[in-house]
Ligand code: PEP
Ligand code: MG
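Residue numbers (the numbering used here): 1074 to 1671.
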């Protein structure tokens, strides 16, 4: 952070979704809602009970208003209708006697403030839910917390602002936003967002890119340094926030915003051109999506396929589990929106960082290495089977590939394929059509899988390298922790070697390899990945036009030479400097080339 005068400060974070926005800050500060133990006198009891009942009534009305607003905006906001019923769940909880009567009893008997009584009661209710065997019921703990927060806000007359309250164009400032929160942002109102936490490959960043909303994360103290209503410049290209800018700065950044827009518009003209190098080498460009609606943007940004459909988002922002039918209809819709493009559907990969409110959430010390991805599916087989049935049924309507996440070795891939084989047999038996030749692949994102890629390759039809996790696990750097983001080095010699040996193993066994981690969409890495011999790069749709431009302006020969040189360095920063120099020489004026350097 850099203070320039008494009012102004400049904050440096990580620009994760490009764009330049000037506007007013809207502060989302959850930390303020901390009730403290407070005793009251016998004379105050009745008034305190009334205050509590009044807070519930107001919170209830607020919830009803929010419901109405969501109904109005859901059509424009990425099909949020399916989340409307969450409001019903919260209303039901608010009306529950356990929440009302027991809190009133605590106020009366213990002579404590309404805030503290509510806090004690909610902790008790959460414990009851936590002891239940049924995972859906256990999940209700998160809902009860949200409901209690809503009432607390009324009681504490907190100046806490909620996302639903946003009524005019703002830049959202939050300590953290979960991927689920991010997906619910109203794009008509929230022009950009800024968070204290987060890294470049966190799922919140991934969602921001897919929603094309400019975002800067990992600022550490943005919520402290920025006040609601402050004028801000958000430069999400360079990861910079200017609080209370001067007129001169506003002029400069308006120009930058226009330049960026112009650059994007120019790029999109590449859309229908082939991803072909000057010496005739093709590298397929594909899009990563998180919802069926986004499948269209693969086509509109000039990708040739959908290389990664992260299906875990079907499971978020809800309290029940998707049925087989819902899976089937969702994937069928994605296929229709993709206008005939092939879709690689990855099976459920619920991980710790996507789990803001889910049944599978576990308090564990080391969640990134816990029950996530395919491991969860092995444990919750019925959930896995429902999804596989849905995917297989959809494969009857278009080109589909199945992808298994978090595979650590041949035992995992065999187990996953074994379950798939059983599910196929079931469908055959029931006379339900599906693609008998559906390709099956595994993510290479756990270092053990990369190390034994030669053993895995004969078992599957293709590999998809998840560099986000591969880097995290190989370098032991948490991808969502802004304090270690400087250690997250995609060009580390170990990563280059793992990529090289994985590609060799795949090609030696006649199967193709894709990279679908964020590296694939970073312009700085395009020639390195191309030179390593990857067959497909799958990225957020927004990056496709620029990556295509790089490919079309280069030769495979020069990419091979760059890689050969990269493999001679011992230190990641040396590789980075060399690659940056090479790319800047070739593309000196391109705004986006700096994106990953901040
Ligand atoms: C990856 O790990 O690189 C990947 C593509 O999967 P996700 O980001 O969903 O973990
Ligand atoms: Mg991953």
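Each residue gets a CB set at the ideal place from its N, CA and C atoms; glycine is no exception.
Asked: Contact test: residue 1518 Cβ vs the ligand PEP heavy atom, cutoff 6 Å; Found: yes
Asked: Residue 1307 beta carbon less than 7 Å from that of residue 1089; Found: no
Asked: For residue 1488, the three-state DSSP class (helix, strand or coil); Found: helix
Asked: Residue span of the beta strand (DSSP E) that contains residue 1292, given as start and end; Found: Premise fails: residue 1292 is in no beta strand (DSSP E) and is neither H nor E.
Asked: Buried or exposed by the 16-neighbour rule on C-beta atoms within 10 Å, applied to residue 1491; Found: exposed
Asked: Helix, strand or coil at residue 1413 [DSSP, three-state]; Found: coil
Asked: CB of residue 1655 within 7 Å of CB of residue 1635, strictly; Found: yes
Asked: Classification of residue 1520 by the beta-carbon crowding that lies within 10 angstroms, buried from 16 upward; Found: buried
Asked: Element boundaries [alpha helix (DSSP H), containing residue 1624]; Found: 1617-1625
Asked: DSSP beta-bridge partners of residue 1554; Found: Residue 1554 is not bridged to any residue.
Asked: Three-state class that DSSP yields for residue 1245 in the structure shown; Found: strand
Asked: In DSSP terms, what residue 1308 is bridged to; Found: 1093, 1313
Asked: contact_flag[the stretch 1548-1563, the stretch 1287-1300] where n(CB pairs < 8 Å) is 3 or more; Found: yes
Asked: Residue 1197 - DSSP class collapsed to helix/strand/coil; Found: helix
Asked: Nearest candidate by alpha-carbon position, reference residue 1320, set 1640, 1081, 1421; Found: 1081
Asked: Whole-angstrom distance between residue 1616 and residue 1660, CA atom to CA atom; Found: 16 Å
Asked: Outcome for residue 1087 when other beta-carbon atoms lying within 10 angstroms are tallied against a minimum of 16; Found: buried
Asked: Helix, strand or coil at residue 1124 according to DSSP, with G and I counted as helix; Found: helix
Asked: Straight-line Cα distance separating residue 1442 from residue 1433; Found: Bear in mind that the predicted position of residue 1433 carries a pLDDT of just 49, short of 50, making it unreliable; the figure below should be weighed with that in mind. If I take the Cα positions, the gap works out to 14 Å.
Asked: Check: residue 1542 C-beta below 6 Å from any heavy atom of the ligand PEP; Found: yes
Asked: Residue 1542 classed as buried or exposed, judged by whether at least 16 other C-beta atoms fall within 10 angstroms; Found: buried
Asked: Option nearest residue 1279 by Cα separation, candidates 1647, 1637, 1612; Found: 1612
Asked: Heavy atom of the ligand PEP within 6 Å of residue 1383 beta-carbon; Found: yes
Asked: Local Cβ density within 10 Å of residue 1422, reported as buried at 16 or more and exposed below that; Found: buried
Asked: Proximity test, Cβ basis, 7 Å: residue 1488 and chain B; Found: In the structure shown, chain B does not exist; there is a single protein chain.
Asked: Touching by the beta-carbon criterion (3+ pairs, under 8 Å), the stretch 1398-1415 and the stretch 1443-1458; Found: no
Asked: N- and C-terminal bounds of the alpha helix (DSSP H) containing residue 1334; Found: 1320-1341
Asked: Status (buried if at least 16 other CB within 10 Å, exposed otherwise) for residue 1644; Found: exposed
Asked: Coarse secondary structure for residue 1657, derived from DSSP in three states; Found: helix
Asked: Beta-carbon gap between residue 1096 and residue 1244 smaller than 7 Å; Found: yes
Asked: Contact check, residue 1301 vs residue 1098, beta carbons under 7 Å; Found: yes
Asked: Residue 1589 Cβ short of 6 Å to the ligand PEP heavy atom set; Found: yes
Asked: Contact test: residue 1583 Cβ vs the ligand MG heavy atom, cutoff 6 Å; Found: no
Asked: The beta strand (DSSP E) enclosing residue 1516, as first and last residue numbers; Found: 1513-1517
Asked: Buried versus exposed call for residue 1333 [16 or more other C-beta atoms within 10 Å across all chains shown]; Found: buried
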